[in-house]
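Once you know that position 185 of the sequence shown is 187 in this note's numbering, the rest is easy, because the numbers rise by one and skip nothing. Note that CB positions come from ideal geometry on N, CA and C, so glycine has one too. Remember, predicted model here, so these are calculated numbers, not experimental data. One structure is given here, and the rest of the page talks about it.
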Amino acid sequence: MWLFCCQLLSCLFCGLDAKLVATAVIPHGDFAYDPGLLNNLTERAAAQRVHSASTKVGSLLKQVAPEVIFLTSPHGLELNNDFLLFENPLLSGSAPVGSDLGPEASTYDVAMSIHVDVNITQSLLARSRAAGRNVSGLQGFAGSQPLPISWGEVLPLSFLDGSGQTGPRHVTLDQRVVLLGIPYRRYKQDFNMVDELVDLGSDVGRFLEGLPERVAWVVSSDLAHTHRADGPYGFCPCAARFDAAVGSWAKSLSWAAMQEARREEQLGAASCGFTGLEMLHAALNATQEAKWTTSLLALEAPTYYGMAAAIMHPHSDSAVVLHV
Ligand SMILES: *[C@@H]1O[C@H](CO)[C@@H](O)[C@H](O)[C@H]1NC(C)=O
Ligand SMILES: *[C@@H]1O[C@H](CO)[C@@H](O)[C@H](O)[C@H]1NC(C)=O
Ligand SMILES: *[C@@H]1O[C@H](CO)[C@@H](O)[C@H](O)[C@H]1NC(C)=O
Numbered sequence: 003m004w005l006f007c008c009q010l011l012s013c014l015f016c017g018l019d020a021k022l023v024a025t026a027v028i029p030h031g032d033f034a035y036d037p038g039l040l041n042n043l044t045e046r047a048a049a050q051r052v053h054s055a056s057t058k059v060g061s062l063l064k065q066v067a068p069e070v071i072f073l074t075s076p077h078g079l080e081l082n083n084d085f086l087l088f089e090n091p092l093l094s095g096s097a098p099v100g101s102d103l104g105p106e107a108s109t110y111d112v113a114m115s116i117h118v119d120v121n122i123t124q125s126l127l128a129r130s131r132a133a134g135r136n137v138s139g140l141q142g143f144a145g146s147q148p149l150p151i152s153w154g155e156v157l158p159l160s161f162l163d164g165s166g167q168t169g170p171r172h173v174t175l176d177q178r179v180v181l182l183g184i185p186y187r188r189y190k191q192d193f194n195m196v197d198e199l200v201d202l203g204s205d206v207g208r209f210l211e212g213l214p215e216r217v218a219w220v221v222s223s224d225l226a227h228t229h230r231a232d233g234p235y236g237f238c239p240c241a242a243r244f245d246a247a248v249g250s251w252a253k254s255l256s257w258a259a260m261q262e263a264r265r266e267e268q269l270g271a272a273s274c275g276f277t278g279l280e281m282l283h284a285a286l287n288a289t290q291e292a293k294w295t296t297s298l299l300a301l302e303a304p305t306y307y308g309m310a311a312a313i314m315h316p317h318s319d320s321a322v323v324l325h326v
């Protein structure tokens, strides 16, 4: 049983130095968005805990009033080698919710349009290129039409309105977004990308920390996908261990816990969010002199894949006190 209470004390943002004001891990799995898709009551209750926790993380993020969301997504447009920054001013698309029940399942659409912070995106791109990182920018249609997004972006960001609404809808987002797509070489070798993820994550963290805007970093992430023999990716005993390691990391931000997650990922946990979690770990380590307060609000595997919802905020943001 999770009980949440939250207070926001003296929320006076004027005059505060802008910086990375919060970071969060939010799932993109269908069952986090809509637990009612599951008929099994135990599964549905677990999904409901993830849904409630994700909604809470979304409303806490809203309270720290970020102007910009930096989002890493493993399921948007993906290049083979490079991390991808989306340069069009608009992104738009929908998540087909229900497809996690299988290819035959009926689905409904959750749609979203996003305004990109093009200036920050291009500054980050220039900085990453200058540092020799594997990062490319993408422009489509001369910038005149939106680039496509789907479940990896829409579902986690849908929680930022704090409504906890399920079902078909069009979600609007108040904040501008900087979207980083993870390259698809991660599918086979994400556990070998750790040095690069740490370098890039630290770089991006320091860059965001230096911006005049208030920025929140969101990792779109589900956890291990090998919890069940009858699931699409089969069973690995490493799945439960991977999720436990991520849970332990989210409670402590311990590097040892993240390294344990890496070992379990290599054994076959098959987590789409692993790369984003590694980047976030490095960013947290590289900023705020490691003084982050972290809270894990849910960790569950209702079906074959695990999900977690967590939020981290800096001690030094003294005008904002989050009680989770
Ligand atoms: C664009 O971003 C750079 C660095 O991030 C900043 O110095 C500059 O003021 C920004 N320009 C605008 C128009 O926001
Ligand atoms: C870029 O990607 C390649 C793998 O394709 C890797 O060997 C190299 O270390 C990466 N570069 C950086 C700076 O991380
Ligand atoms: C964390 O930061 C410390 C000090 O800046 C650095 O020595 C260490 O290598 C970093 N670790 C990771 C995993 O980023």
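| Item | Value |
| --- | --- |
| Straight-line Cα distance separating Ser94 from Ser152 | 8 Å |
| Alpha-carbon to alpha-carbon, Tyr35 and Pro97 | Note that residue 97 corresponds to Ala in the displayed sequence, not to Pro. Spanning the two alpha carbons is a distance of roughly 10 Å. |
| Local Cβ density within 10 Å of Leu43, reported as buried at 16 or more and exposed below that | exposed |
| Neighbourhood of Asp197 by C-beta, 7 Å cutoff - its chain only, sequence neighbours within 5 removed | none |
| Endpoints, beta strand (DSSP E) assigned at Ala218 | 217-222 |
| Counterpart residues of Ser94 in DSSP-defined beta bridges | Ser115, Pro150 |
| Proximity of Gly154 and Gly233 at Cβ, strictly below 8 Å | no |
| Per-residue burial, Gly31 [other beta carbons within 10 Å of its own, 16 or more giving buried] | buried |
| Residue interval of the alpha helix (DSSP H) (run including Val59) | 43-65 |
| Proximity test, Lys136 beta-carbon vs ligand 2 heavy atom, cut-off 7 Å | Rather than Lys, the amino acid found at residue 136 in this sequence is Asn. Checking the Cβ of Asn136 against ligand 2 gives yes. |
| Under the three-state DSSP convention, the category Arg230 falls into | coil |
| Backbone CA spacing between Leu298 and Ile313 [nearest angstrom] | 7 Å |
| Candidates Trp251, Tyr307, Glu262, of which the one nearest Arg230 by Cα | Tyr307 |
| Continuous alpha helix (DSSP H) stretch holding Ala271: start and end | No alpha helix (DSSP H) holds Ala271; DSSP gives it neither H nor E. |
| 8 Å contact criterion, which Pro150 and Asn83 should meet: CB distance rounded | Contact doesn't hold; Cβ gap of about 21 Å is too wide. |
| Nonlocal neighbours in the same chain, by C-beta distance under 6 Å from Ile71, ignoring five residues either side | Gln177, Val179, Ala218, Val220 |
| beta-carbon Glu80 near ligand 2 non-hydrogen atom, thresh 7 Å | no |
| Whole runs of the alpha helix (DSSP H) within the stretch 236-291, excluding any shorter than 4 residues | 240-254, 257-266, 276-288 |
| Per DSSP, the bridge partner or partners of Ala26 | Val220, Ile313 |
| Rounded C-alpha distance that separates Ala284 from Gly207 | 8 Å |
| Spatial neighbours of Phe15 in its chain, beta-carbon cut-off 6 Å, leaving aside the 5 residues before and after | Any answer about Phe15 is weak, because its pLDDT of 41 lies below 50 and its placement is not dependable; what the coordinates show is given next. So the list reads Ala67, once near-sequence residues are dropped. |
| Complete runs of the alpha helix (DSSP H) confined to the stretch 117-148 [at least 4 residues] | 120-132 |
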